[in-house]
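Each remark here refers to the structure printed beneath this line.
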Amino acid sequence: MSRGKENETGLSEFLLLGITSDLGQQQVLFWLFLCMYLVTVVGNTLIILVICSEPHLHTPMYFFLTNLSFVDICFTTNLIPKLLVSHMAGTQTISYPYCLTQMYFLISFANVDTFLLAAMALDHYVAICNPLQYYTIITPQLCGGLAALVWVCSGFISLVHTLLMSRLTFCSSTWKISHFYCDAYLLMKIACSDTRVNQHVFLAATVLFMAPFMLIMVSYIRIAIAVLQIPSAKGKCKAFSTCSSHLSVVTLFYGTVLGIYTRPPDSSQPRTQWQPSCTLW
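Using my numbering, the letters of the sequence shown correspond one by one to residues 756 to 1036.
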């Protein structure tokens, strides 16, 4: 764990308690997560290959979808292989440097997801509410600039979190993490040193994290108003079908995040009380 803890106890790693300690359940979860991981990687890779190979799919919407598919591959690869190795090897430990690295990419990819979903919502808004000006507003230069800005800003935000976390020290009695990956909030909960700066940054990041969600909601309210003004039922169905897949992804993503963090687990409570959230995540 941290340098302070390493000096105090000689330990240089955390113990991830995982989802369950039952060996039978661990075997089932191993194959379940392996199948989910393969489906995620293969499915998103196929999406990227199809979009890149078909010229008529080289549009702003599919450009953002390509980025979203790529970040989904990165996100799951950051978490699942370590979980699978832990189940297969029978060890739940994770080194301190690996923990910080995992946390950095976790926060970074999560932020990329939120910003990309907001960019896709804006793309749908312009396509439905201003169709005649769509290609004037949503230019390739704008899409490329937005994508670059999303990745750079997300990496910077994650770097701030990681550097602040690396300054914390951890007590010998609190080195266990009740999760299957290194979560920033739980690391703050078990730290012995002052975490006020981390908490303030975490709060600010939470507000920033929800800003794209508010932008998505405003975009869809405007889209709904515009769709209701379409006279034909066929036109309404076509407009709604354009947004349905994106809206389902937004609901799944933010629903999962809110389900985990709106009721953060207390370290004094048994981890069985919040295992369903871990499994869902």
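Note that the Cβ used here is the ideal one computed from N, Cα and C, for glycine as well.
- request: Flag this pair as touching only if the stretch 833 to 850 and the stretch 813 to 825 have three or more C-beta atom pairs under 8 Å; answer yes or no.
  value: no
field: Closest Cα partner of residue 1003 within the set 985, 982, 971
entry: Position 248 of the sequence shown holds residue 1003. Closest option to residue 1003, Cα to Cα, is 971.
- request: Could you check if residue 937 is buried or exposed, using at least 16 other CB atoms within 10 Å of its CB as the buried criterion?
  value: Taking the first residue of the sequence shown as 1, we reach residue 937 at position 182. The residue in question, residue 937, is buried, as its Cβ has 16 or more Cβ neighbours within 10 Å.
query: What does a CB cutoff of less than 6 Å around residue 953 pick up in its chain, not counting 5 residues either side in sequence?
result: Counted from its first residue, the sequence shown places residue 953 at position 198. Counting only Cβ-Cβ distances below 6 Å, and skipping sequence neighbours, we find 919, 943.
query: Taking all protein chains shown into account, do 16 or more other C-beta atoms lie within 10 angstroms of the C-beta of residue 966, making it buried, or fewer, making it exposed?
result: Your numbering for residue 966 matches position 211 in the sequence shown. Exposed is the call here.
Residue 962 to residue 999 span [Cα, whole Å]: As a first step, residue 962 must be located in the sequence shown, where it is residue number 207. As a first step, residue 999 must be located in the sequence shown, where it is residue number 244. Their Cα atoms are separated by approximately 26 Å.
- prompt: What do you reckon, are the CB atoms on residue 843 and residue 785 nearer than 8 Å?
  reply: For the purposes of this step, residue 843 is identified with residue 88 of the sequence shown, where counting begins at 1. For the purposes of this step, residue 785 is identified with residue 30 of the sequence shown, where counting begins at 1. Yes.
query: Helix, strand or coil: which one does DSSP assign to residue 831?
result: Position 76 of the sequence shown, counting from 1, holds the residue named residue 831. Note: residue 831 maps to helix in three-state DSSP.
- prompt: Who does residue 850 pair with in a DSSP beta bridge?
  reply: Translated into the one-based positions of the sequence shown, residue 850 becomes position 95. Paired residues: 768.
Closest by C-alpha distance to residue 910, when choosing among 865, 1010, 886: As a working mapping, residue 910 is identified with position 155 in the sequence shown. It is 865.
query: Should the stretch 976 to 987 be regarded as contacting the stretch 848 to 867, the criterion being three or more beta carbon pairs within less than 8 Å?
result: no
task: Measure the alpha-carbon distance for residue 935 versus residue 845 and round it to whole angstroms.
output: Here the question's residue 935 lines up with position 180 in the sequence shown. Here the question's residue 845 lines up with position 90 in the sequence shown. Going from the Cα of residue 935 to the Cα of residue 845 covers about 13 Å.
task: Using beta-carbon positions only, say whether residue 939 and residue 957 come within less than 8 Å of one another.
output: Residue numbering aside, residue 939 sits at position 184 when the sequence shown is read from its first letter. Residue numbering aside, residue 957 sits at position 202 when the sequence shown is read from its first letter. The answer is yes: Cβ separation under 8 Å.
field: Backbone secondary structure at residue 877 - three-state DSSP
entry: Along the sequence shown, read from residue 1 onward, the residue named residue 877 stands at position 122. Residue state, collapsed to three classes: helix.
Delimiting residues of the alpha helix (DSSP H) encompassing residue 925: For the purposes of this step, residue 925 is taken as residue 170 along the sequence shown, with counting starting at 1. Segment: none, residue 925 is in no alpha helix (DSSP H) and carries neither H nor E.
task: Apply the 10 Å Cβ neighbour rule to residue 725 and answer buried if 16 or more other Cβ atoms are within range, or exposed otherwise.
output: This structure does not reach residue 725, given that the chain is present from 756 up to 1036, and the question cannot be answered.
Cβ neighbours of residue 991 in the same chain (closer than 7 Å, five flanking residues each side left out): Mapped onto the sequence shown, residue 991 falls at position 236. Excluding sequence neighbours, residue 991 sits near 982, 985.
- prompt: What is the rounded straight-line gap between the Cα of residue 854 and the Cα of residue 830?
  reply: Residue mapping note: residue 854 aligns to position 99 of the sequence shown, counting from 1. Residue mapping note: residue 830 aligns to position 75 of the sequence shown, counting from 1. Using only the alpha carbons, I get a separation of about 15 Å.
task: To the nearest angstrom, report how far apart residue 932 and residue 767 are at their CA atoms.
output: Residue mapping note: residue 932 aligns to position 177 of the sequence shown, counting from 1. Residue mapping note: residue 767 aligns to position 12 of the sequence shown, counting from 1. Going by the C-alpha atoms only, they are around 14 Å apart.
Element boundaries [alpha helix (DSSP H), containing residue 888]: Within the sequence shown, the letter at position 133 stands for residue 888. No alpha helix (DSSP H) holds residue 888; DSSP gives it neither H nor E.
- prompt: Do the CB positions of residue 824 and residue 862 come within less than 8 Å of each other?
  reply: Numbered from 1 along the sequence shown, position 69 holds the residue referred to as residue 824. Numbered from 1 along the sequence shown, position 107 holds the residue referred to as residue 862. No. Outside cutoff.
- prompt: What residues in its chain sit with their C-beta under 7 Å from that of residue 906, if we drop five residues either side in the sequence?
  reply: Looking up residue 906 in the sequence shown gives position 151. The residues are 867.
- prompt: Which residue's Cα is closest to the Cα of residue 884: 973, 960, 915?
  reply: By one-based count along the sequence shown, residue 884 stands at place 129. Comparing Cα positions, the closest option is 973.
- request: Determine which residues share a DSSP beta bridge with residue 931 and list them.
  value: Translated into positions along the sequence shown, residue 931 becomes position 176. Residue 931 is bridged to 770.
Paired residues, beta bridge with residue 865 - DSSP: Against the sequence shown, residue 865 aligns to sequence position 110. Note: residue 865 sits in no beta bridge, so no partner.
field: Proximity winner among 925, 917, 951, relative to residue 859 (alpha-carbon distances)
entry: Within the sequence shown, the letter at position 104 stands for residue 859. The shortest C-alpha separation from residue 859 is found at 917.
query: Could you give the distance in angstroms between the alpha-carbon of residue 788 and the alpha-carbon of residue 888?
result: By one-based count along the sequence shown, residue 788 stands at place 33. By one-based count along the sequence shown, residue 888 stands at place 133. Distance between the alpha carbons of residue 788 and residue 888: 44 Å.
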